[in-house]
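Right, one structure below, let's go through it.
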Amino acid sequence: MKRVLLLCFLIVLNFTVLNAQRGKDGAKIVVGPEVVNAYTSLTIFAGAGNTALNVTNSALNNNFSGNLAPGDLLMIIQPQGAPLENGNPFNSTWGNIFAYWTCGNYEFVQVSSIPNANLIMLDCPLTNDYSVTGNSMVIRVPRYSSLTVNAGGILTADSWNGSTGGVLAVEVNGATTINAGGIIDVSNLGFRGGQIESSSTFGGLRYADNNPIEGAEKGEGIGGDQAFYSASLAGRYTRGAPANGGGGGNAHNAGGAGGANAGNPINWNDGAGVPDPAYNVSWALETPSLVGINNSGGGRGGYSHAGSNGNELTQGPGNGAWGGDTRRQVGGLGGRPLDYSTGKIFIGGGGGAGDGETTTPGAGGNGAGIIFMCTYGDVSGFGSIVANGQDGFNCEVAGPPGFNNVTGKDAAGGAGAGGTILIKTTGTVSGITIDANGGAGGNQVLKAGLPATIGEAEGPGGGGGGGYIAISSGTPTRNANGGIYGTTNSTYVNNFPANGATSGGAGMPNENIDAFDIVVNIDTICPNTTTTLTATVTGTNPGGIIFEWYDSPIGGTLLFTGNPFTTPSLAVTTTYYLKACPAPFRVPVTVTVIPCPTIAANFSSTDSTLCVGDCIDFTDLSTGGPATGWTWSFPGAATTSSSAQNPTNICYNSVGSFDVELIVTDGTNNDTLLIPNFITVSALPTVVAGPDTSICIGDAANIYATGATSYNWDNGLGAGQGFNVTPLVNTTYIVTGTDANGCVNTDQTIVTINALPTVVAGPDTSICLNSSANIYATGATSYNWDNGLGAGQGFNVTP
Numbered sequence: 089m090k091r092v093l094l095l096c097f098l099i100v101l102n103f104t105v106l107n108a109q110r111g112k113d114g115a116k117i118v119v120g121p122e123v124v125n126a127y128t129s130l131t132i133f134a135g136a137g138n139t140a141l142n143v144t145n146s147a148l149n150n151n152f153s154g155n156l157a158p159g160d161l162l163m164i165i166q167p168q169g170a171p172l173e174n175g176n177p178f179n180s181t182w183g184n185i186f187a188y189w190t191c192g193n194y195e196f197v198q199v200s201s202i203p204n205a206n207l208i209m210l211d212c213p214l215t216n217d218y219s220v221t222g223n224s225m226v227i228r229v230p231r232y233s234s235l236t237v238n239a240g241g242i243l244t245a246d247s248w249n250g251s252t253g254g255v256l257a258v259e260v261n262g263a264t265t266i267n268a269g270g271i272i273d274v275s276n277l278g279f280r281g282g283q284i285e286s287s288s289t290f291g292g293l294r295y296a297d298n299n300p301i302e303g304a305e306k307g308e309g310i311g312g313d314q315a316f317y318s319a320s321l322a323g324r325y326t327r328g329a330p331a332n333g334g335g336g337g338n339a340h341n342a343g344g345a346g347g348a349n350a351g352n353p354i355n356w357n358d359g360a361g362v363p364d365p366a367y368n369v370s371w372a373l374e375t376p377s378l379v380g381i382n383n384s385g386g387g388r389g390g391y392s393h394a395g396s397n398g399n400e401l402t403q404g405p406g407n408g409a410w411g412g413d414t415r416r417q418v419g420g421l422g423g424r425p426l427d428y429s430t431g432k433i434f435i436g437g438g439g440g441a442g443d444g445e446t447t448t449p450g451a452g453g454n455g456a457g458i459i460f461m462c463t464y465g466d467v468s469g470f471g472s473i474v475a476n477g478q479d480g481f482n483c484e485v486a487g488p489p490g491f492n493n494v495t496g497k498d499a500a501g502g503a504g505a506g507g508t509i510l511i512k513t514t515g516t517v518s519g520i521t522i523d524a525n526g527g528a529g530g531n532q533v534l535k536a537g538l539p540a541t542i543g544e545a546e547g548p549g550g551g552g553g554g555g556y557i558a559i560s561s562g563t564p565t566r567n568a569n570g571g572i573y574g575t576t577n578s579t580y581v582n583n584f585p586a587n588g589a590t591s592g593g594a595g596m597p598n599e600n601i602d603a604f605d606i607v608v609n610i611d612t613i614c615p616n617t618t619t620t621l622t623a624t625v626t627g628t629n630p631g632g633i634i635f636e637w638y639d640s641p642i643g644g645t646l647l648f649t650g651n652p653f654t655t656p657s658l659a660v661t662t663t664y665y666l667k668a669c670p671a672p673f674r675v676p677v678t679v680t681v682i683p684c685p686t687i688a689a690n691f692s693s694t695d696s697t698l699c700v701g702d703c704i705d706f707t708d709l710s711t712g713g714p715a716t717g718w719t720w721s722f723p724g725a726a727t728t729s730s731s732a733q734n735p736t737n738i739c740y741n742s743v744g745s746f747d748v749e750l751i752v753t754d755g756t757n758n759d760t761l762l763i764p765n766f767i768t769v770s771a772l773p774t775v776v777a778g779p780d781t782s783i784c785i786g787d788a789a790n791i792y793a794t795g796a797t798s799y800n801w802d803n804g805l806g807a808g809q810g811f812n813v814t815p816l817v818n819t820t821y822i823v824t825g826t827d828a829n830g831c832v833n834t835d836q837t838i839v840t841i842n843a844l845p846t847v848v849a850g851p852d853t854s855i856c857l858n859s860s861a862n863i864y865a866t867g868a869t870s871y872n873w874d875n876g877l878g879a880g881q882g883f884n885v886t887p
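Residue numbers (the working numbering): 89 to 887.
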């Protein structure tokens, strides 16, 4: 059978994706300190499903070359607004987190339009709610094609100021490289530490109070800032921990506590932090249960004022022998660890201030901010990404004290907590070091001017809690350690320099964040044909994606909803834009329309119906252009492919129907010819000849064959299923059988000729009348005599 095919087919198919918005800000190289975000505040509640943001300033042009525009990227985040318990000011439960509500919510969205100075419209609806009372921020995010931070380069953010700042967010469409000496850093830029006050009294016991005479200012956290504590919670000062903010030291001269970020919320234990086991003897004098514990959250502030030189190894806090404020355990409580299990993210809490009666107490350190990197390539290098909490401030006066004077006679501040670092990438993170450590508690540094001597001890600051680090892929070095406690140099407690201050608890450095991307096949087609575009989600599918196909990168006409999308017949090259909410970008998909290849390949073979073991030659009869290459594909054949123009002797040994494909190229275009089930290979018939038989010379034998539809014998017999044969010698007869498919097979049968026996009868003899003679025969195995004798070898006869 001969088949000829003329076909113009699909030419090019690949999965490269161009991006209209991602990468629009070009390649970024950072060589010095640089802030790359712009911030504004939400002015009206924005709920899930909304596509409008009411903001203070929709221009968002700080650190950008122009105003916010369609296709730009925004991050929305609510840093505060968690409701706190504010009931009993004499109980450590003050400042408990009742719920998170919308605090910690965040997402990335793409701008659709900017109608006026206070309104931004979005391409996709919001997935979360955001309140104004939680200081929800709208942050403009640069969209880099690549990002490089060179040695000396510092990519950073504005400090949190109570309504905006504290967050660094970038999108990178390609590779991010942080070279040695380069850093991405939001250390000290988060929630603010408590500030110093210079009024104090002895015996402060409260966990919340608006009178600074009772204690020092608390650190800021997700429950609000210090002004909010005063106005709404009646608790700007003293030791209670407001959510993840560190408590201030109580009067008189107790240390401030460290702020907190990530950790185990049920392992807070009244903000006790992590006591140094080197001083277990002294801890046991205070509270035996402190020995060996390892709490989450911020570290606790140190003890209040001691005016006498006691024995810290035998006399616990509160013992009257210490004099002054009896060295009581009234330091600030460490900030509460926050719950990241629901996907929320947080800024590091500020440390509480140390209590003071002069101008030298230590303020609380700021918490660290948030770094959020959305990337679609690898993040590598030998630089650092850092979100460390600020150290608590020392109780110290610069320079030497005056004559007969002692300085540093107040308490030190607690440290800020480590921040949050998220690298959401479809690539891999490697080489870099990532740190979100808590700061160190402030120290009390007493100095005496001659002839004065140091005659007291106050509380050092608590260490900040560790932060939160999550990446999508890779094994970089990650640290989210709690910061160490501060110390005092007072000789009154030289065997216990922590003097009641503890370290911050460890954060969560080894977490994961899911990432995804969307790619669409890009086709090159012949004019006036259609193609089907299919979107594929790579990485972790966020679920709930709605695929919409548009004719514009922003706005435009909705052409189709769903996946895949079959285009109309196209005469010219056309670009479509896939919107796949919640993805904050549209994927441009260009269908290129080019003339069909000039090669028209006529595909020919001499016979495509084969039997097992048959071989076949193929011929390409290309016309219309100078072909430069041929690629043949022969599934099911012993030779599976060929680059010859006219491949020969292609043999098939398997039964079935097989495709044959030929791709002809002229150096620019391809012509693909695929013929499904072109080659049909049939099994050989099972031919059986027989029976094998033995005959005596001169006898005839009947031979025949089965298993085919026609037969042909050798030895001059010819066509026929069976014959009677009388060979004179042993003879092998071979039959060739042919079935209905024209496939043939053979078999044989053998006719064996046996020689005649040599029979001897005797003896010849003479006898008298009426006498008998004995006759017999030899040379055979059985005998039969005439004259009525019958069977037997011998007889007595009386003829």
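Heads up, the beta-carbon is just placed ideally off N, CA and C, and yes, glycines get one too.
No experiment lies behind these values; they were computed from the predicted model shown.
- Going by beta carbons, residue 441 and residue 501 fall inside the 8 Å limit.
- Within the same chain, and ignoring the five residues on either side of residue 189 in sequence, the residues whose Cβ sits closer than 7 Å to its Cβ are 169, 170 and 171.
- Taking a contact as a CB-CB distance under 8 Å, the pair residue 167 and residue 223 counts as one, their CB atoms being some 6 Å apart.
- Of all alpha-carbon atoms in 465, 210, 657 and 382, the one lying nearest the alpha-carbon of residue 137 is that of 210.
- The C-beta separation of residue 318 from residue 298 comes to about 5 Å, placing the pair in contact by the 8 Å criterion.
- Taking one beta carbon from each stretch, the stretch 245–257 and the stretch 448–463 have 3 or more pairs nearer than 8 Å; the two touch.
- DSSP, read as helix, strand or coil, puts residue 434 in coil.
- In the DSSP assignment, residue 371 falls within the alpha helix (DSSP H) that extends over 368–374.
- In this structure the stretch 627–645 does not lie against the stretch 582–595, because fewer than three pairs of beta carbons, one per stretch, are closer than 8 Å.
- Less than 8 Å separates the beta-carbon of residue 843 from that of residue 785.
- Counting the other Cβ atoms within 10 Å of the Cβ of residue 401 gives fewer than 16, which makes it exposed.
- The C-beta distance from residue 362 to residue 382 rounds to 5 Å, short enough to meet the 8 Å contact threshold.
- Secondary structure of residue 109 (DSSP, three-state): coil.
- Take residue 234, set aside five residues on each side of it, and the residues of its chain with a beta-carbon closer than 6 Å to its own are 115, 262 and 263, in chain order.
- Contact between residue 795 and residue 776 is confirmed by a C-beta separation of about 5 Å, below the 8 Å threshold.
- Cβ contact annotation for residue 819 (same chain, cutoff 6 Å, sequence separation greater than five): 839, in chain order.
- Rounded to whole angstroms, residue 325 and residue 533 show a C-alpha spacing of 23 Å.
- Taking residue 619 as reference, the option from 791, 154, 659 and 641 with the minimal CA-CA separation is 659.
- With a 10 Å radius around the Cβ and a threshold of 16 neighbouring Cβ atoms, residue 880 comes out exposed.
- Minimum Cα-Cα distance from residue 750 among the listed residues 743, 761, 742 and 272 corresponds to 761.
- In this structure, the straight-line span from the alpha carbon of residue 110 to that of residue 259 is close to 8 Å.
- Residue pairing by DSSP places residue 665 opposite 638 and 676 in a beta bridge.
- Taken in chain order, the unbroken stretches of beta strand (DSSP E) that lie wholly in the stretch 574–647 and span 3 residues or more are 596–600, 604–608, 610–613, 623–627 and 634–638.
- Annotated as proximal: residue 499 and residue 341, with beta-carbon spacing under 8 Å.
- The shortest CA-to-CA distance from residue 283 to any of 239, 232 and 335 is the one to 335.
- For residue 338 against residue 292, the beta-carbon gap comes to about 4 Å, under 8 Å, which counts as contact.
- The continuous stretches of beta strand (DSSP E) do not include residue 314, which lies in the alpha helix (DSSP H) extending over residues 314–320.
- Apart from the 5 residues on each side of it in sequence, residue 245 sits with its Cβ closer than 7 Å to the Cβ of 123, 125, 253, 254, 255, 256, 274, 277 and 457 in its chain, given in chain order.
- Separation of residue 392 and residue 307 (C-alpha to C-alpha, rounded to the nearest whole angstrom) is 19 Å.
- By the neighbour-count definition (other C-beta atoms within 10 Å, threshold 16), residue 475 is a buried residue.
- Taking C-beta atoms under 8 Å as the contact rule, residue 576 and residue 531 qualify, at a distance of about 7 Å.
- Per DSSP, reduced to three states, the secondary structure at residue 203 is strand.
- DSSP, reduced to helix, strand and coil, places residue 779 outside both helices and strands of the structure shown, so it counts as coil.
- Counting only the Cα atoms, residue 778 lies some 29 Å from residue 769.
- The alpha carbon of residue 884 has as its nearest neighbour, out of 827, 860 and 871, the alpha carbon of 860.
- A direct Cα-Cα distance of roughly 6 Å separates residue 642 from residue 200.
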